[in-house]
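**Student:**
In the numbering used here, the protein residues as written are 14 to 280.
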């Protein structure tokens with residue numbers, strides 16, 4: 014089976030299974046994240062109250078933890094969710110937003126990592142900082158490095174935590190202890206819409222929640238978002254319409270569009 018066909022099957026699997034994705038994410042992106050998940054056929058839930066987290070994680074297919082608007086209450090909620098997912102052997106995805114920017118973020122991330130996320134997705138600066146806590150300064154949530162500069166750091170994280178690492182950028186790089194995928198889809202206008210990286214993390218949560226091969230699930234989720242953004246940008250005069258059209262394209266993308274535009278390389 015071709016790579017295009019394999020990844021498209023993952024897209025269809027999400028529509029068929031409609032996985033429940035438990036998100037503890039940031040205030041900025043909740044609405045966008047939920048809409049992106051609904052558009053691909055998943056079912057989002059945003060829950061961070063400590064009294065219900067374990068129950069929610071129990072019924073969810075996967076858990077997504079995004080530290081974008083971190084505070085002390087949410088940090089503890091995230092730790093409960095990560096521990097619950099780990100104990101129940103459910104995939105959970107970590108988005109280390111702003112890793113390296115403050116000691117609070119770094120300390121929270123160190124505690125979260127002990128529960129071994131199935132996937133870590135971040136930009137190059139965040140991945141580098143996560144592999145070298147307290148030695149790298151990031152520029153908030155914006156990357157100051159190119160994705161290929163973070164490959165070594167990604168390999169360190171993959172080996173240290175037995176996880177899949179997704180480095181977002183002009184080229185998205187997905188790696189585990191033995192494989193590397195390079196995805197060259199997307200459009201520069203996507204960087205002008207807040208939270209698309211967070212949407213990528215949520216989609217990874219949906220795809221890994223139903224797939225047996227988690228690495229291919231990550232590749233499929235990132236390919237889908239990149240292609241949808243690429244196609245939406247053709248009709249978008251600016252970031253506002255891109256956001257709307259991208260959600261539409263996540264919903265109505267065809268197999269022909271997906272396979273014709275996919276740009277992926279495995280090494």
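From the three backbone atoms N, C-alpha and C, an ideal C-beta is built for every residue, glycine too.
1) Under DSSP, the alpha helix (DSSP H) around residue 252 begins and ends at which residues?
2) Distance, Cα to Cα, residue 160 vs residue 208?
3) Count the other CB atoms within 10 Å of the CB of residue 115; is the residue buried (16 or more) or exposed (fewer)?
4) In angstroms with no decimal places, state the Cα-to-Cα distance between residue 224 and residue 236.
5) Have a look at 34, 173, 186 and flag the residue whose alpha-carbon is nearest the alpha-carbon of residue 278.
6) Hey, how far is the Cα of residue 147 from the Cα of residue 119?
7) Flag this pair as yes or no: are the beta carbons of residue 31 and residue 64 separated by less than 7 Å?
8) So, does the stretch 178-197 touch the stretch 20-39, judging by three or more C-beta pairs under 8 Å?
9) So, with DSSP's three-state summary, where would you put residue 132?
10) Would you check if there are 3 or more beta carbon pairs closer than 8 Å linking the stretch 208-218 to the stretch 161-170?
11) Rounded to the nearest angstrom, how far is the Cβ of residue 12 from that of residue 276, given a contact under 8 Å?
12) Tell me which same chain residues have a C-beta within less than 7 Å of the C-beta of residue 60, skipping the five on either side of it?
13) For residue 125 and residue 87, I'd like the C-alpha separation in whole angstroms.
14) Count the other CB atoms, across all protein chains shown, that sit within 10 Å of the CB of residue 149; report buried if there are 16 or more and exposed otherwise.
15) Thinking just about the alpha-carbon of each residue, which of 230, 79, 22, 62 is nearest to the one in residue 292?
16) Helix, strand or coil, according to DSSP, for residue 20 in the structure here?
17) Rounded to the nearest angstrom, what separates residue 266 and residue 241 at their Cα positions?
18) Between which two residues does the beta strand (DSSP E) carrying residue 79 extend?
19) Can you name the start and end residues of the alpha helix (DSSP H) that residue 188 belongs to?
**Tutor:** A quick look at the data gives this:
1) Within the chain shown, residue 252 is the residue found at index 239, counting from 1. Residue 252 -> alpha helix (DSSP H) spans 252-265.
2) Here the question's residue 160 lines up with position 147 in the chain shown. Here the question's residue 208 lines up with position 195 in the chain shown. Going by the C-alpha atoms only, they are around 18 Å apart.
3) Taking the first residue of the chain shown as 1, we reach residue 115 at position 102. Label assigned to residue 115: exposed.
4) Taking the first residue of the chain shown as position 1, residue 224 is located at position 211. Taking the first residue of the chain shown as position 1, residue 236 is located at position 223. Distance between the alpha carbons of residue 224 and residue 236 is about 15 Å.
5) Counted from its first residue, the chain shown places residue 278 at position 265. Checked all of 34, 173, 186; the closest Cα to residue 278 is 186.
6) Residue mapping note: residue 147 aligns to position 134 of the chain shown, counting from 1. Residue mapping note: residue 119 aligns to position 106 of the chain shown, counting from 1. Any reading at residue 147 must be qualified, since the residue scores a pLDDT of 43, below 50, and its modelled position is unreliable; the value itself is stated next. Taking the straight line joining both Cα atoms gives about 7 Å.
7) Position 18 of the chain shown, counting from 1, holds the residue named residue 31. Position 51 of the chain shown, counting from 1, holds the residue named residue 64. For residue 31 and residue 64, no; Cβs fall outside 7 Å.
8) no
9) As a first step, residue 132 must be located in the chain shown, where it is residue number 119. Residue 132 falls in the strand class under three-state DSSP.
10) no
11) The displayed coordinates of the chain run from 14 to 280. Any statement about residue 12 would go beyond what the structure contains.
12) Mapped onto the chain shown, residue 60 falls at position 47. So the list reads 35, 66, 69, once near-sequence residues are dropped.
13) Counting from one through the chain shown, the residue named residue 125 turns up at place 112. Counting from one through the chain shown, the residue named residue 87 turns up at place 74. Roughly 12 Å between the two C-alpha positions.
14) Counted from its first residue, the chain shown places residue 149 at position 136. Legend: pLDDT at residue 149 = 45, less than 50; position of this residue unreliable, no value from coordinates given.
15) Residue 292 lies beyond the stretch modelled for the chain, which goes from 14 to 280, so this question has no answer here.
16) Here residue 20 refers to the residue found at position 7 when the chain shown is read from its first residue. Here residue 20 sits in helix by DSSP.
17) What you label residue 266 is simply residue 253 of the chain shown in a count that begins at 1. What you label residue 241 is simply residue 228 of the chain shown in a count that begins at 1. Taking the straight line from one Cα to the other gives about 7 Å.
18) Taking the first residue of the chain shown as position 1, residue 79 is located at position 66. It spans 75-79 - the beta strand (DSSP E) in which residue 79 sits, taken as one unbroken run.
19) Translated into the one-based positions of the chain shown, residue 188 becomes position 175. No alpha helix (DSSP H) holds residue 188; the beta strand (DSSP E) holding it covers 185-188.
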